[in-house]
């Protein structure tokens, strides 16, 4: 379970919405490839970006920073980021950091796509 | 409580990827052996990750001697996590800028969150600088899965 520093990404599209499904841990050692991947998806897409947390077991502030950067980038182009399917302990990290106030978080991927 | 692993020491390499992997595995092993709840294991893991990441990324920047040790132990009914490093003298709980966690998206600065998360999860951290080491200890009442 504690499989440090592993992060895989898969992507899907639903109309103009890009859905990214990362798997593993987002920490100081995986944040950089995660950021590159998100920025590329933002550049290549034109609608909202949904990040599905179903397979994410861990996120540190390094990962929050990447999401903030992606959110700012999208917002500058009149687009948005929508997050979904977080485990409780991950949702708690978003809550105590204040990120749940500035980022849209939905229970399921379909809710997130509908909101995007 | 009689724990099968009452104390765990880790000497972490000053390289982020291997250090974080070893840290996550060590905290999980210690936590499970001592019956800590999943939430408590996660919180210890996150706080130590944030501190170790700062040390490796910034504290060791211009330092030749790069040692980073983490010790986890049970003291009475408390779990104690101690992180000792030879990085530049730095008390993150006094010297790191606090983020404005209620700022709007466009005003949110990128960064400053790691120490804030650590302090939120462990509200009474201790910092000392002795014998060339920054010594941080975090403690919390032991919580098991009920």
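Protein chains in written order, with the working numbering: chain A, 7 to 122; chain B, 141 to 286.
The beta carbon of each residue, even a glycine, is placed where N, CA and C say it ideally should be.
Which listed residue (the options) has its alpha carbon closest to that of residue i
i             : options                       : result
residue 235/B : 272/B, 148/B, 252/B and 220/B : 252/B
residue 255/B : 166/B, 213/B, 203/B and 195/B : 195/B
residue 223/B : 158/B, 152/B, 174/B and 244/B : 152/B
residue 248/B : 109/A, 117/A and 116/A        : 109/A
residue 189/B : 286/B, 210/B and 145/B        : 210/B
residue 58/A  : 36/A, 74/A and 18/A           : 18/A
residue 43/A  : 60/A, 64/A, 76/A and 53/A     : 76/A
residue 90/A  : 22/A, 83/A, 122/A and 103/A   : 122/A
residue 162/B : 171/B, 150/B and 170/B        : 150/B
residue 61/A  : 114/A, 119/A and 35/A         : 114/A
residue 263/B : 102/A, 22/A, 111/A and 112/A  : 102/A
residue 286/B : 214/B, 226/B, 212/B and 180/B : 180/B
Neighbour flag for residue i against chain A, beta carbons, 9 Å
i             : result
residue 189/B : yes
residue 226/B : no
residue 231/B : no
residue 154/B : no
residue 175/B : no
residue 256/B : yes
residue 239/B : yes
residue 211/B : no
residue 164/B : yes
residue 276/B : no
residue 196/B : yes
residue 269/B : no
residue 161/B : yes
residue 244/B : yes
residue 186/B : yes
residue 205/B : no
residue 261/B : yes
residue 150/B : no
residue 286/B : no
Interface flag, residue i vs chain B, CB-CB below 9 Å
i             : result
residue 108/A : yes
residue 102/A : yes
residue 77/A  : yes
residue 111/A : no
residue 88/A  : no
residue 81/A  : yes
residue 71/A  : yes
residue 15/A  : no
residue 7/A   : Low confidence applies to residue 7/A: its pLDDT is 36, below 50, so where it sits in the model is not reliable enough to give any reading.
residue 68/A  : yes
residue 10/A  : Note that residue 10/A has pLDDT 47, beneath the 50 cutoff, so the model's placement of it is unreliable and the number below is only indicative. Chain B, which has a Cβ nearer than 9 Å to the Cβ of residue 10/A, makes this yes.
Cutoff 7 Å; reference residue i; Cβ partners in own chain excluding five residues on either side
i             : result
residue 81/A  : none
residue 239/B : 249, 252, 253 and 256
residue 16/A  : 27
residue 243/B : none
residue 104/A : none
Contacting residues, own chain, Cβ-Cβ under 8 Å from residue i (five flanking each side not counted)
i             : result
residue 14/A  : 28, 29 and 30
residue 159/B : 152, 153, 192, 196 and 208
residue 10/A  : Summary for residue 10/A: the model assigns pLDDT 47, below 50, so the residue's position carries little reliability, and this model does not support an answer.
Residue i: CB within 8 Å of a non-hydrogen atom of the ligand HEM
i             : result
residue 170/B : By its list of ligands, the structure shown contains no ligand whatsoever, and the ligand HEM lies outside what it can speak to.
Proximal chain E residues relative to residue i, where beta-carbon distance stays under 7 Å
i             : result
residue 179/B : Structure shown: chain E not included; protein chains present are A and B.
Spatial neighbours of residue i in its chain, beta-carbon cut-off 6 Å, leaving aside the 5 residues before and after
i             : result
residue 173/B : 144 and 145
residue 24/A  : 47, 51 and 55
residue 269/B : 229
residue 92/A  : 59
residue 261/B : 183 and 187
residue 106/A : 100
residue 279/B : 218 and 220
residue 231/B : 267
residue 20/A  : 119
residue 175/B : 284
Contact set between the region 40-65 of chain A and chain B, restricted to residues whose Cβ is under 7 Å from the partner: none
So, does the region 88-103 of chain A touch the region 213-222 of chain B, judging by three or more C-beta pairs under 8 Å? Too few Cβ pairs lie closer than 8 Å, so no.
In chain order, what residues of the region 25-39 of chain A put their CB closer than 7 Å to some CB of chain B? 33, 34 and 35
Specify whether the region 203-214 of chain B and the region 61-80 of chain A touch according to this definition: at least 3 beta carbon pairs, one from each stretch, less than 8 Å apart. no
Given 8 Å as the limit, is there contact between the region 160-168 of chain B and the region 265-285 of chain B, that is, 3 or more CB pairs closer than that? With the cut-off at 8 Å, the region 160-168 of chain B and the region 265-285 of chain B do not touch.
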